[in-house]
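A.B. asks: Pasting a structure here, questions to come.
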Amino acid sequence: MIAWSICDANTGYVQNWNISTGQEVLENDRGAMHQVVMDVFAGYLNIGHHIYIYMDNLFSSLSLFEELASKDTGACGTLRANRRGVPNDIKSHKPKKDDPPLVVKEGDITYISWADKRAVKLITSVHNGDTFIKEVRAKNDPASAGRISSLPFSNFFLQCCHCTSLNAMKPAHLRKRIEVNKVRLSIITGLLAGYEKPRAVHVGPRLEADQPLGRLTEKHFPANNPKRNGDGKPCFRDCEVCSNREGKRHQTSTVCRDCGNIPLCDKPCFRLYHTRRKYKTACTPAFHLEIDNVMDAEQ
């Protein structure tokens, strides 16, 4: 199965495409590739707005270019010298690098033979033999080049995804080249949205920004730390309110199980933690000798 597509040369937008199984019945004796081009380009014939089609030597032939010209459509492409109707001068010409191009005109069709890195033969109905020097800066990105092409796929679904994803990201009227890799990355990102791996639960003391507001409104009660040491006694942990590893460190075996076993001194840290949004304070001997019902103003 082969997908034949016609694409916008500037944006890569897929204008039309046909799926071929290689078993189609030919409408004439001019060849399968001739019919492929006429079928896939059928919607753009006889428009008369300087519509041109570019192709490689798999498709180009004199009979095809003549039929396109009769339907007010220009064409240009590389050419195989053994095609039927190619002038003998073009067939036998063996150009070398820096040689002037050989141009042969036959009616509305122009043949050109020249050499750059290798010998190239062209057939065109939209150009003459004039030459000029143009500086081109290329990004070496063949994935975004637009032209008539064949894309073999073992799975028709893959071709549908490839075509629709490109066209969805770049409407046909916008004249800007598509960056294929960015298109695919954005699609993958969208498909994975909502399926991200959840963050691991933080087992240490909770940061203030992570505290649920329920600690300020619900009824919580102190309890001994359920974790035990080797002697079977409750483990001591740094108090969430008053302990500071860089300053004064204070440990306690009392926790609030409703808050996820947060370690809190029973007096007055447990009450501070459950009544203040900003509960952090310095640990001093006087701080823990305060009467439990003596509280600072809410911060």
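Each residue of the sequence shown is one higher than the one before, starting from 442 at the first, in my numbering.
Quick reminder that beta carbons are idealized off the backbone N, C-alpha and C, glycines included.
Every value quoted in this text rests on a predicted model; they were computed, and no experiment measured them.
Pick out whichever of Arg686, Gly548, Cys448, Leu705 has its Cα sitting closest to the Cα of Glu429.
C.D. replies: Because residue 429 is not part of the residues shown, which for the chain are 442 to 740, the question remains open.
A.B. asks: Go through its chain and collect everything with a Cβ distance to Ser606's Cβ below 8 angstroms, but skip five positions before and after it.
C.D. replies: The answer, listed in chain order, is Val624, Arg625, Ile628.
A.B. asks: Between the region 527-534 and the region 510-517, do at least 3 Cβ pairs fall closer than 8 angstroms?
C.D. replies: The region 527-534, when compared against the region 510-517, does not touch it at the 8 angstroms Cβ threshold.
A.B. asks: Please name the residue, chosen from Asn665, Arg717, Gly673, that lies closest to Gln692 on a Cα-to-Cα basis.
C.D. replies: Nearest C-alpha to Gln692: Asn665.
A.B. asks: Going by CA-CA distance only, name the one from Thr452, Asn670, Arg524 that's closest to Gly472.
C.D. replies: Closest option to Gly472, Cα to Cα, is Arg524.
A.B. asks: Do you know offhand how far Leu543's Cα is from Ser502's?
C.D. replies: Leu543 and Ser502: Cα-Cα distance of roughly 18 angstroms.
A.B. asks: Quick one: is Thr630 buried, meaning 16 or more other Cβ sit within 10 Å of its Cβ, or exposed?
C.D. replies: Thr630 is exposed by the Cβ-count criterion.
A.B. asks: Tell me whether Arg686 is buried or exposed, calling it buried when 16 or more other Cβ atoms sit within 10 Å of its Cβ.
C.D. replies: Per the 10 Å Cβ criterion, exposed.
A.B. asks: Using the three-state DSSP reduction, which class does Ala444 fall into: helix, strand or coil?
C.D. replies: The answer is strand: DSSP assigns Ala444 an E or B state.
A.B. asks: Starting from Cys697, follow its DSSP beta bridges and name the residues at the other end.
C.D. replies: Cys697 is bridged to Pro663, Ile703.
A.B. asks: Determine, using beta carbons only, whether Val478 and Cys604 come nearer to each other than 8 angstroms.
C.D. replies: No; because the gap between Cβ atoms is not below 8 angstroms, this pair is not in contact.
A.B. asks: Using the beta-carbon count (16 or more within 10 Å), is Leu713 buried or exposed?
C.D. replies: Per the 10 Å Cβ criterion, buried.
A.B. asks: In chain order, what residues of the same chain have a beta carbon less than 8 angstroms from the beta carbon of Asp540, not counting five sequence neighbours either side?
C.D. replies: Excluding positions up to five away in sequence, the list reads Trp555, Ala556.
A.B. asks: If you draw a straight line from the C-alpha of Lys689 to the C-alpha of Phe677, how long is it?
C.D. replies: Their Cα atoms are separated by approximately 16 angstroms.
A.B. asks: Specify the secondary structure class of Leu486 as computed by DSSP and reduced to three states.
C.D. replies: It is coil, neither helix nor strand.
A.B. asks: Rounded to a whole number of angstroms, what is the C-alpha to C-alpha distance between Arg669 and Glu620?
C.D. replies: Those two C-alpha atoms are separated by around 59 angstroms.
A.B. asks: Going by beta carbon distance, what residues of the same chain come within less than 7 angstroms of Glu681, once the five residues before and after it are set aside?
C.D. replies: Counting only Cβ-Cβ distances below 7 angstroms, and skipping sequence neighbours, we find Pro646, Ile703, Pro704, Leu705, Tyr714.
A.B. asks: Hey, His534 and Ser504: beta-carbon distance below 8 angstroms or not?
C.D. replies: Not closer than 8 angstroms, so no.
A.B. asks: When DSSP labels each residue in this structure, what does Glu508 get in the three-state scheme?
C.D. replies: It is helical.
A.B. asks: In whole angstroms, give me the CA-to-CA distance for Gln600 and Ala444.
C.D. replies: So the alpha carbons of these two residues sit roughly 8 angstroms apart.
A.B. asks: Could you check if Tyr495 is buried or exposed, using at least 16 other CB atoms within 10 Å of its CB as the buried criterion?
C.D. replies: With 16 or more other Cβ atoms within 10 Å, it is buried.
A.B. asks: Is the distance from the Cβ of Lys562 to the Cβ of Leu520 below 8 angstroms?
C.D. replies: Going by C-beta atoms, Lys562 is nearer than 8 angstroms to Leu520.
A.B. asks: State the DSSP-derived secondary structure class of Cys676, mapped to helix, strand or coil.
C.D. replies: The answer is coil: DSSP assigns Cys676 none of H, G, I, E or B.
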